[in-house]
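Trainee:
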Amino acid sequence: MSMNADIGKRLKLPGSMYIKAVAVAVALAIITAISTMWGSYPTLVAITIMVFYVYSLSWSLLADTGMVSLGQALFFALGSYAYGIFVISYGMNPLVAIFAGPVLGALAGLVVGFISSRLRDWYVGIFTFALTPAGYALAVSSQLSPWTAGAVGLAVPRFPLPSTAWLPFSAALAFAAYIVIMLIQNRRIGFALSAINDDETAAGTVGINTRFYKTIVFGISGYLAALAGAMFVALYTSYIAPDYFGYPDISYSVWPVFYSMIGGMGSPEGVLLGTVLLDPVETAIRSWLSSISVTGGNLALVIFGLLLVIVLLKAPKGIYGYIVRYIESRRTKNGGRNGTR
Amino acid sequence: MSLLDVSGVTKRFGGLTALNGMDLSVGKGELVGIIGPNGAGKTTLVNVVMGVYYPDSGRIAFDGHDITKMPPHRRAKMGLSRTYQVPRPFNDLKVIDNVAVAAMYGSKDLPVEEARGIARDLLEHVRLAEREYDYPTSLSVVDLRKLELARALAQGARMVFLDEVSAGLVGEDLKEVLSVVKKLHEGGLTIAMIEHVMKVIFNLAERIVVVMNGQKLADGKPSEISSDARVVESYLGRRRAEI
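From first to last, the protein sequence lines are chains L and C.
For the first sequence, my numbering begins at 4 and goes up steadily by one.
For the second sequence, my numbering begins at 356 and goes up steadily by one.
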């Protein structure tokens with residue numbers, strides 16, 4: 004028991020926070036350096052890693068507050084469109100628009116969060132899922148087509164940074180998103196979110212305004228998802244399509260779920276691990292399928308679905324949670340039954 | 356003047372009337388026992404007072420303020436608190452942070468480190484200090500009860516509802532939890548405790564309220580309750596035979 008308390012004191016050290024942050028910074032820097040030296044295609048893949056890391060963080064922040072969003076693509080696509088429309092229709096500098104566009108995602112997040120905070124359990128999932136066709140319908144509607152170009156989609160101008168800077172720029176944004184999540188988790192608000200996730204009724208009874216915090220969290224999540232959407236079109240596709248709303252192709256809402264859950268729920272480091280491991284696989288499968296002229300299918304979804312089941316059976320807190328648990332159990336030699344945080 | 360005043364509260368769940376014109380009044384510093392058969396509405400009463408459900412009719416006042424339709428977190432900030440029949444700790448937070456989070460968001464808004472300081476003192480107080488960096492999943496039932504007591508205190512509670520604090524405990528464990536309860540009461544905390552173990556309640560409570568079919572059946576000193584014909588007939592008679 005004294006061993007446990009000792010480990011606990013070590014884990015509680017604020018130092019561990021900085022060690023993790025440095026580790027994530029180094030990991031992102033290594034990915035950036037290796038891909039840049041490797042060539043232009045790996046660089047492009049690395050950019051998608053950064054984009055989907057930000058996107059997955061937006062999802063896992065909600066999940067760690069007890070809210071499962073199955074329509075995260077709503078915010079992602081809002082970010083894409085807001086960026087594109089600000090740049091094309093209003094002539095905003097893309098470097099400004101990439102941060103200003105996601106504000107729309109944050110506002111949408113606050114509204115969705117206000118409603119979701121009054122729902123429990125899977126109703127949040129159903130509600131958010133139901134919003135994505137609505138987003139799609141708006142994007143293709145004739146009333147909004149002067150801005151959205153309807154089903155044709157929008158081609159966005161080239162991002163005004165030298166292309167060698169695109170990956171470092173997206174890596175910096177990914178690191179900033181990580182810092183945001185880490186600060187939330189380690190500050191006062193993080194305790195409230197953790198309590199809400201564990202037991203919402205009990206959290207209310209100790210004085211936590213559960214609806215307020217759930218709404219705020221949705222706003223932050225909406226911003227991050229929209230930032231990912233803006234990064235995606237600014238630095239990767241240069242094109243915005245209505246199906247980014249995750250309708251009819253639901254995969255846009257599903258990737259962050261896979262990456263977060265397989266990588267590690269409850270920790271931004273685990274989400275990074277999941278994204279780094281899975282995103283290149285997804286890209287590789289997709290390009291392989293198109294090289295053998297198979298279209299429309301989404302083999303990666305099938306594979307990741309099976310992988311998710313296997314991982315969750317063996318490690319409910321994902322690969323990262325499994326590793327942490329293993330290390331702790333080696334240290335304490337008591338089977339690591341004291342959790343992973 | 357009474358601290359808590361529940362008057363004529365009715366709560367229905369579909370066709371079931373869990374509370375049917377329930378009255379309860381608890382004075383400052385009192386230790387009131389609430390007894391009654393299973394399904395009498397005791398836990399529903401706690402839930403309605405805490406704001407988990409709003410009553411269909413009736414009025415709840417705390418410290419002179421009408422709290423009938425007040426959300427739970429605001430009641431907590433006013434100083435109302437509870438423990439659960441089946442302990443409900445925050446399993447992803449360490450023992451110390453389970454208590455600290457209540458100090459952060461309770462009657463005062465405190466920063467993390469100050470809240471942890473309070474939590475450490477309270478864990479000392481309930482004799483749980485050596486488990487402060489463990490997770491609740493590794494605690495025994497008696498330790499979980501002590502954790503919930505510490506959590507209730509950390510939020511700066513003026514009144515605590517103890518929902519079967521003795522459930523699942525025997526011998527030394529039971530004595531230890533009850534001694535903590537006693538200590539809190541002597542410290543001036545107002546306590547309403549729901550209890551199934553008659554020996555416990557008759558020894559501890561200054562006043563006993565008997566609940567039956569969602570209503571108050573009797574209200575008085577332990578000696579009066581144990582000789583109340585209605586109570587003996589409807590509830591105690593059977594229970595006494597079991598003890």
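Note that the Cβ used here is the ideal one computed from N, Cα and C, for glycine as well.
None of the values given here were measured: they were computed from a predicted structure.
What are the residues that DSSP puts in a beta bridge with tyrosine 242 of chain L?
Mentor: DSSP output for tyrosine 242 of chain L lists L/Ala158 as bridge partner(s).
Trainee: When the Cα atoms are used, what is the spatial distance from glycine 461 of chain C to proline 171 of chain L?
Mentor: The alpha-carbon atoms of glycine 461 of chain C and proline 171 of chain L are separated by roughly 44 Å.
Trainee: Could you spell out where the beta strand (DSSP E) holding phenylalanine 368 of chain C opens and where it closes?
Mentor: It spans 357-368 - the beta strand (DSSP E) in which phenylalanine 368 of chain C sits, taken as one unbroken run.
Trainee: For leucine 196 of chain L versus threonine 278 of chain L, is the C-beta distance shorter than 8 Å?
Mentor: Not in contact: leucine 196 of chain L and threonine 278 of chain L (Cβ atoms no closer than 8 Å).
Trainee: Which residues mark the beginning and the end of the beta strand (DSSP E) in which isoleucine 422 of chain C is found?
Mentor: Run containing isoleucine 422 of chain C: none; DSSP gives neither H nor E here.
Trainee: Just to confirm the assignment, what range does the alpha helix (DSSP H) spanning isoleucine 546 of chain C have?
Mentor: Per DSSP, isoleucine 546 of chain C belongs to no alpha helix (DSSP H); it is in the beta strand (DSSP E), 545-549.
Trainee: In terms of residues, what are the limits of the beta strand (DSSP E) holding serine 436 of chain C?
Mentor: Segment 435-438, the beta strand (DSSP E) holding serine 436 of chain C.
Trainee: Can you pull the chain L residues whose beta carbon is under 9 Å from the beta carbon of phenylalanine 557 of chain C, in chain order?
Mentor: Within chain L, no residue comes near phenylalanine 557 of chain C; the closest Cβ sits about 28 Å away, beyond 9 Å.
Trainee: Tell me which same chain residues have a C-beta within less than 8 Å of the C-beta of phenylalanine 55 of chain L, skipping the five on either side of it?
Mentor: These residues qualify, in order along the chain: Ala231, Trp258, Pro259, Tyr262, Thr278 and Asp282.
Trainee: Buried or exposed: where does glutamate 264 of chain L fall if 16 or more other Cβ atoms within 10 Å of its Cβ makes it buried?
Mentor: This sequence places methionine at residue 264 of chain L; glutamate is not what is there. Looking at its Cβ environment, which holds 16 or more other Cβ atoms inside 10 Å, methionine 264 of chain L is buried.
Trainee: Taking the alpha-carbon positions, what's the glycine 472 of chain C to alanine 455 of chain C distance?
Mentor: Cα to Cα, glycine 472 of chain C sits roughly 8 Å from alanine 455 of chain C.
Trainee: Just verifying my parser: in three-state terms, what is the DSSP assignment at asparagine 393 of chain C?
Mentor: Three-state DSSP puts asparagine 393 of chain C in coil, outside helix and strand.
Trainee: Shortest alpha-carbon distance to alanine 198 of chain L belongs to which of C/Arg506, C/Leu483, C/Thr372 and C/Arg475?
Mentor: Measuring from the Cα of alanine 198 of chain L, the nearest candidate turns out to be C/Arg506.
Trainee: Determine whether the Cβ of asparagine 200 of chain L lies closer than 8 Å to any Cβ atom of chain C.
Mentor: It does; some Cβ of chain C falls within 8 Å.
Trainee: Name the residues in the segment 397-412 of chain C whose C-beta lies less than 8 Å from a C-beta of chain L; which are they?
Mentor: For the segment 397-412 of chain C, which is checked against every Cβ of chain L, the residues closer than 8 Å are Met405, Gly406 and Val407.
Trainee: For glycine 342 of chain L, count the other beta carbons within 10 Å of its own beta carbon; 16 or more makes it buried, fewer makes it exposed. Which is it?
Mentor: Annotation note: pLDDT 45 at glycine 342 of chain L (below 50); position unreliable, no value reported.
Trainee: Name the DSSP bridge partner or partners of methionine 514 of chain C?
Mentor: Looking at the DSSP assignment, methionine 514 of chain C forms a beta bridge with C/Leu435 and C/Thr545.
Trainee: Measuring CA to CA, which of L/Val27, L/Pro149, L/Gly153 and L/Thr208 is closest to methionine 405 of chain C?
Mentor: Of the candidates L/Val27, L/Pro149, L/Gly153 and L/Thr208, the one whose C-alpha sits nearest the C-alpha of methionine 405 of chain C is L/Thr208.
Trainee: Determine the contact status of alanine 100 of chain L and glycine 156 of chain L, defining contact as a CB-CB distance below 8 Å.
Mentor: No; because the gap between Cβ atoms is not below 8 Å, this pair is not in contact.
Trainee: Determine the extent of the alpha helix (DSSP H) in which glycine 3 of chain L is found, giving its start and end residues.
Mentor: As shown, chain L starts at 4 and ends at 344. That puts residue 3 of chain L outside it, with no answer to give.
Trainee: Hey, would you say glycine 511 of chain C sits closer than 8 Å to lysine 463 of chain C, going by beta carbons?
Mentor: In contact: glycine 511 of chain C and lysine 463 of chain C (Cβ atoms closer than 8 Å).
Trainee: Give the DSSP-derived three-state secondary structure of aspartate 282 of chain L in the structure shown.
Mentor: The answer is helix: DSSP assigns aspartate 282 of chain L an H, G or I state.
Trainee: Is it right to say glycine 370 of chain C is buried, meaning 16 or more other beta carbons lie within 10 angstroms of its own, or is it exposed?
Mentor: When all chains shown are included, glycine 370 of chain C counts as exposed.
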